[in-house]
Amino acid sequence: MVDNGSVGLRERKKQRTRRALIEAALRLFDEKGFDETTLAEIAAEADVSTRTFFSYFASKEDVVFYDSARKMELAVATLAGRAPGESPGDALLRIVEQSLTWLTTYEELTFEDAELRIRLVLKEPTLRARALVMLLESQTALVRALRAAYPELDQVEAAAAVGAMFGAVKLAIVADLCHDLSAEQMSSTARRAAEIALAGLRSLG
Numbered sequence: 002m003v004d005n006g007s008v009g010l011r012e013r014k015k016q017r018t019r020r021a022l023i024e025a026a027l028r029l030f031d032e033k034g035f036d037e038t039t040l041a042e043i044a045a046e047a048d049v050s051t052r053t054f055f056s057y058f059a060s061k062e063d064v065v066f067y068d069s070a071r072k073m074e075l076a077v078a079t080l081a082g083r084a085p086g087e088s089p090g091d092a093l094l095r096i097v098e099q100s101l102t103w104l105t106t107y108e109e110l111t112f113e114d115a116e117l118r119i120r121l122v123l124k125e126p127t128l129r130a131r132a133l134v135m136l137l138e139s140q141t142a143l144v145r146a147l148r149a150a151y152p153e154l155d156q157v158e159a160a161a162a163v164g165a166m167f168g169a170v171k172l173a174i175v176a177d178l179c180h181d182l183s184a185e186q187m188s189s190t191a192r193r194a195a196e197i198a199l200a201g202l203r204s205l206g
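Heads up: the sequence shown runs through residues 2 to 206, numbered per the working numbering.
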């Protein structure tokens, strides 16, 4: 017979280990550089073995983009479960809001962790290249999900809606980084950019 308390304890321990690996990796990448940091160093900093590292992540890049797959799943689910009468723009805005909330609720990471990750991706060529590929893949998936949720939209309308909303948010965040603003200020900027983009998407109903 399985002890539910024991299962809960094991799961919490796994979450703590995963969070420790993420925090250690981000800190070392910032201090030493992404290419210069080894998997062994990340594991040692998190007080686990290299073998344990591979139980959670397949590579250093995967540590940086630790939540990308889960965020995509939630975004697609949000569109699939859209509220009756909710416009395409409002549904996309809801995904942006969820993503901003996600920054400090997933794995109990902080705004500072999120800010550090953004800066690392912009600074490190390897991470920038991975981020661009993932951006294209995620937006293409969102276009498919948006069309499934709103069959009245054609391919061009769905692509323009996704590109306008998430392009505005991402570029606004990058612009804020250049002004050395805090993660909280960047979050506020992202919401403002999303609202501005939404004003242009009202024509989609």
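Heads up, the beta-carbon is just placed ideally off N, CA and C, and yes, glycines get one too. As the structure is a computational prediction, the values presented were derived from the model and not from experiment.
Separation of Met166 and Thr18 (C-alpha to C-alpha, rounded to the nearest whole angstrom) is 35 Å. For Lys14, the closest alpha carbon among the candidates Leu29, Phe35, Thr53, Thr39 is that of Thr53. Going by beta carbons, Glu42 and Leu29 fall inside the 7 Å limit. In the DSSP assignment, Thr38 falls outside any alpha helix (DSSP H), carrying neither H nor E. According to the DSSP assignment, Pro126 belongs to the alpha helix (DSSP H) that extends over 126-150. Leaving aside the five residues that flank Ala169 on each side, the residues in its chain whose CB is nearer than 8 Å to its CB run, in chain order, Ala194, Ala195, Ile197, Ala198. A direct Cα-to-Cα measurement between Leu27 and Glu138 gives close to 24 Å. Between Ala150 and Arg83, the C-beta gap is smaller than 7 Å, which places the two residues in contact. Of the candidates Pro89, Ala45, Gln99, Ser56, the residue whose Cα lies closest to the Cα of Arg71 is Gln99. Around the C-beta of Asp48, fewer than 16 other C-beta atoms lie within 10 Å, and the residue is accordingly described as exposed. The residues Thr127, Leu128, Arg131, in chain order, have a CB closer than 8 Å to that of Glu62 in the same chain once the five nearest residues on each side in sequence are set aside. With distances taken between CA atoms, Leu101 lies nearest to Arg192 out of Gly201, Ala200, Arg192, Gly9.
The beta carbons of Val64 and Phe55 sit no closer together than 7 Å. In the structure shown, Phe66 adopts coil according to DSSP, grouped into three states. Around Met187, the same chain offers Ile174, Asp177 as residues with beta carbons nearer than 6 Å, after the five sequence neighbours per side are excluded. At least 7 Å separates the beta-carbon of Glu125 from that of Phe66.
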